[in-house]
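Input: a single structure, listed below in structure tokens.
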Amino acid sequence: MITRKQWTTISEFLIETTIRICGISAIIFVFGIFFFVFREGAGFLFSKWEPLKFFFSTEWYPTSVSNKRYGILAIIAGTASVTVIAMTIAVPFGLGAAIFISEFCTGKLKEFLKILIEFLAAIPSVVWGFIGLMVMNPLIIDLFRVPIGLTALNGGIILSLMAIPIIVSISEDALKAVPDSYREAAIALGITKWQMVYRVLMPAAKNGLLAAVLLGVGRAVGETMAVLLATGHAVQIPGSPLDSVRTLTATIAAELGEAPVGSDHYQVLFVIGIFLFTITFVINLTAYLIVKGIRVQHGES
Amino acid sequence: MVAEKPKIQINGLAVSYGTKPALKGLSLDIHDHEILGIIGPAQSGKTTLLKVINRTIDYISSAKVQGTVTFEGESVLETKDVHSLRRKIGMVSPLPVGLPLSIYDNVAFAPRAAGIRDRKKLDPLVERCLQQAALWDEVKDRLSSLGTKLSGGQQQRLTIARALSHEPEVLCLDEFSIAIDPVTTMRIEDVLKELKEHMTIVLVTNLVQQARRLADRTAFIWNGDLIELDDTDVIFSDAAKDQRTKDYVNGVFG
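Residue numbers (the working numbering), protein chains in the order written: chain E, 255 to 555; chain X, 8 to 261.
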């Protein structure tokens, strides 16, 4: 017979252990994912991988019968071009929206906008891709008189719409974290509201704003489905935003199902995976270190 | 007191936050080149009065303001150019707020925002303001270090220097000595006596004796009402008319 007291001890132990496992599982999953991606690509990485050809050749012919070539330069250029286009649009709009929500609007409009932007973040990426395919494509064809609208521009615009919610919500948090006393002190000096924003708030929140932009970049680099549908999927270094491109993520998504398990092609796709993983890891780590920098600074003052 | 046109004229000023009244129809005049001491217990509406004078009350969305306030004959509550009004009426808040900028940039902040970019004009201006605030000697060798790294008393003098940088005609100080030590407080009090030559000073204070030391006239505000306003000598003597004033300055309550 278990007494009430023993039962309390046992249940306390069980609950604590369960919570502990839940906490540690995040670490296990991240390392697990890295381990399996690495294992699948390792065979190629350590025997046939030629870094120079891999990174600096534009020749991506993984299914050629006579001469298989695995150069991803054009694909890197594809990812880079859509990311740059996306950020050119998303950074000014995202920061502008965050400043507007945080400083210039109040009450119902503010709540409404915040909910709307969270809603924007919740739209599945395949729906964005669908919009790229069915809405943006004919629009770009009409507007620029090009034969096909599935281009870097199309993908960049779609990606920017996906990155904006992240940039807005993190930037708004950063602006909200600036003490109100700064605002009052600045306003009491007889400056306008906009002067307060760019002379006091933006310098004070600059680390948070930078982190927001970096996480937006991370989102753009890592996004797959939407760009797969919207960019046209052509392996080439784009000469203009109106060229079709292919991204690293889309390459993996489109080809992995066709590549025989264990073949060179299959393993190369995993090497691309490792490369992508490294990029997003570096971006997220940088963002984390920047945000941590804010805390240290505030702790000192 | 010499009869002259008051610098600031307040008539029937009533302010409420939501349903809670902070000022209940208060009227008083502020003369040119005087130090007006405003004393009273906490929550009596002293800070609210200052916020109305330089219109920072605008940023408290629940505040409702009634009555009239004029600054040199112009309506404060209806003025179109609220930014230049705030430049003419400087404000020093109870807790010093160094903006997260260098000492130099803190002082040069308002002039720059007003369009003065030339270092040849800014340098002497920054030096003059820091000297007026009795801070120059302590910081002249490290003008480029962060203003927020200064000690509390130094930061408070920095905020005074900053408030002086836009050459205000009226300087409002809200319990400036709340966060600083007595020695620094005395230094700033000396500074204020000198500044009186150049401007009008409204000094809100919790320290009754500070008003006695500095103010030409003293107003006693309690619960949103002006109880008594007279020459400081009168307020602090048996000649004070209201029993509550006598009790407050003698420490019977508050």
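Glycine included, every Cβ here is placed at the ideal spot set by N, Cα and C.
Cutoff 7 Å; reference residue i; Cβ partners in own chain excluding five residues on either side
{"i": "Thr191/X", "result": "Gly160"}
{"i": "Ser69/X", "result": "Tyr24 and Gly25"}
{"i": "Gly105/X", "result": "Asn113, Gly154, Thr155, Leu157, Gln162 and Leu165"}
{"i": "Glu477/E", "result": "Ser379, Leu413, Met416 and Thr503"}
Contact under 7 Å by Cβ, residue i with residue j
{"i": "Ile528/E", "j": "Leu502/E", "result": "no"}
{"i": "Asn391/E", "j": "Leu404/E", "result": "yes"}
{"i": "Ile46/X", "j": "Val215/X", "result": "yes"}
{"i": "Ile42/X", "j": "Lys203/X", "result": "yes"}
{"i": "Ile195/X", "j": "Gly154/X", "result": "no"}
{"i": "Asp36/X", "j": "Gln50/X", "result": "no"}
{"i": "Ile60/X", "j": "Pro175/X", "result": "no"}
{"i": "Val515/E", "j": "Ser335/E", "result": "no"}
{"i": "Thr485/E", "j": "Gly409/E", "result": "yes"}
{"i": "Gln139/X", "j": "Leu171/X", "result": "yes"}
{"i": "Gly44/X", "j": "Ser34/X", "result": "no"}
{"i": "Val209/X", "j": "Cys179/X", "result": "yes"}
{"i": "Ala331/E", "j": "Ile491/E", "result": "yes"}
Chain-ordered chain E contacts of residue i [CB-CB under 8 Å]
{"i": "Ser100/X", "result": "Ser435, Glu438, Ala439 and Ala442"}
{"i": "His173/X", "result": "Leu443 and Gly444"}
Through-space distance from residue j to residue i, alpha-carbon basis
{"i": "Ile533/E", "j": "Ile418/E", "result": "20 Å"}
{"i": "Gly553/E", "j": "Lys156/X", "result": "At Gly553/E the pLDDT is 46, less than 50, meaning the model places this residue with poor confidence and gives no usable figure here."}
{"i": "Trp314/E", "j": "Ala488/E", "result": "11 Å"}
{"i": "Thr77/X", "j": "Asp39/X", "result": "13 Å"}
{"i": "Ser555/E", "j": "Leu108/X", "result": "Unreliable positioning characterises Ser555/E in this predicted model, as indicated by a pLDDT of 38, which lies under 50. A coordinate reading is not provided."}
{"i": "Asp112/X", "j": "Leu102/X", "result": "19 Å"}
{"i": "His519/E", "j": "Phe308/E", "result": "13 Å"}
{"i": "Thr446/E", "j": "Ile123/X", "result": "15 Å"}
{"i": "Leu30/X", "j": "Ala226/X", "result": "14 Å"}
{"i": "Ser184/X", "j": "Ala375/E", "result": "49 Å"}
{"i": "Ile506/E", "j": "Ile329/E", "result": "11 Å"}
{"i": "Thr207/X", "j": "Pro13/X", "result": "11 Å"}
{"i": "Trp382/E", "j": "Gly32/X", "result": "59 Å"}
{"i": "Phe398/E", "j": "Gly325/E", "result": "31 Å"}
{"i": "Leu363/E", "j": "Leu443/E", "result": "28 Å"}
{"i": "Val205/X", "j": "Asp223/X", "result": "A quick correction: the sequence has His, not Val, at residue 205/X. Their Cα atoms are separated by approximately 15 Å."}
{"i": "Met193/X", "j": "Arg93/X", "result": "27 Å"}
{"i": "Phe300/E", "j": "Arg293/E", "result": "11 Å"}
Selection from the options that minimises the alpha carbon distance to residue i
{"i": "Ile234/X", "options": "Lys248/X, Ala140/X, Pro131/X and Gly97/X", "result": "Lys248/X"}
{"i": "Tyr255/X", "options": "Trp229/X, Asp238/X and Ile187/X", "result": "Trp229/X"}
{"i": "Leu429/E", "options": "Ser414/E, Asp497/E and Phe354/E", "result": "Phe354/E"}
{"i": "Ala186/X", "options": "Ser158/X, Ser151/X and Val22/X", "result": "Ser158/X"}
{"i": "Leu327/E", "options": "Pro346/E, Pro305/E and Val536/E", "result": "Pro305/E"}
{"i": "Phe298/E", "options": "Phe531/E, Ile544/E and Val522/E", "result": "Val522/E"}
{"i": "Leu496/E", "options": "Val381/E, Ile395/E and Asp518/E", "result": "Ile395/E"}
{"i": "Gly52/X", "options": "Gln73/X, Lys71/X, Pro28/X and Tyr66/X", "result": "Pro28/X"}
{"i": "Ala431/E", "options": "Val454/E, Leu393/E and Thr312/E", "result": "Val454/E"}
{"i": "Glu85/X", "options": "Arg62/X, Met98/X and Tyr66/X", "result": "Arg62/X"}
{"i": "Ser494/E", "options": "Ser435/E, Phe535/E, Ala480/E and Val338/E", "result": "Val338/E"}
{"i": "Pro48/X", "options": "Gln250/X, Gly231/X, Val241/X and Leu236/X", "result": "Gly231/X"}
{"i": "Phe535/E", "options": "Ile402/E, Phe288/E, Glu365/E and Ala296/E", "result": "Phe288/E"}
Per-residue contacts from residue i into chain E (C-beta, under 9 Å)
{"i": "Ser91/X", "result": "Gly444"}
Cβ shell of residue i (< 6 Å), same chain only, five flanking positions each side left out
{"i": "Gly470/E", "result": "Ala344, Ala417, Ile420 and Ile421"}
{"i": "Asn538/E", "result": "Gly472"}
{"i": "Lys58/X", "result": "Ile64"}
{"i": "Phe243/X", "result": "Arg219 and Val256"}
{"i": "Ser414/E", "result": "Ala340, Ile343 and Ala344"}
{"i": "Ala541/E", "result": "Ala465, Leu468 and Leu469"}
{"i": "Met8/X", "result": "Residue confidence for Met8/X is low, a pLDDT of 47 falling below 50, so the modelled location carries little weight and cannot support an answer."}
{"i": "Lys368/E", "result": "none"}
{"i": "Ala115/X", "result": "Leu129 and Val133"}
{"i": "Asp181/X", "result": "Thr54, Leu57, Ser100, Pro101 and Val211"}
{"i": "Gly547/E", "result": "Asn461"}
{"i": "Leu483/E", "result": "Gly383, Gly386 and Leu387"}
{"i": "Leu463/E", "result": "Ser425 and Ala428"}
{"i": "Ile173/X", "result": "Note on identity: in this sequence residue 173/X is His, with Ile being the wrong assignment. Closer than 6 Å at the Cβ level, and outside the excluded window around His173/X, lie Arg94 and Ala117."}
{"i": "Ser137/X", "result": "Strictly speaking, residue 137/X in this sequence is Leu, with Ser absent from that position. Contacts found: Trp143 and Ala168."}
Under 9 Å from the C-beta of residue i: neighbouring residues of chain X
{"i": "Thr540/E", "result": "Ordered by position in chain X, no residue passes the 9 Å Cβ test against Thr540/E, which lies about 22 Å from the chain."}
{"i": "Val454/E", "result": "Leu106, Pro107, Leu108 and Phe116"}
Neighbouring residues, chain E, relative to residue i (Cβ below 7 Å)
{"i": "Ser68/X", "result": "Thr360"}
{"i": "Asn61/X", "result": "Ala442"}
{"i": "Arg94/X", "result": "Gly444"}
{"i": "Arg169/X", "result": "Leu443"}
Contacts that residue i makes with chain X (C-beta to C-beta distance below 7 Å)
{"i": "Ala458/E", "result": "Pro107"}
{"i": "Gln449/E", "result": "Ala120"}
Contact set for residue i: own chain, Cβ-Cβ below 8 Å, skip 5 residues either direction
{"i": "Ala513/E", "result": "Pro316, His519, Tyr520 and Leu523"}
{"i": "Ile264/E", "result": "Ile256"}
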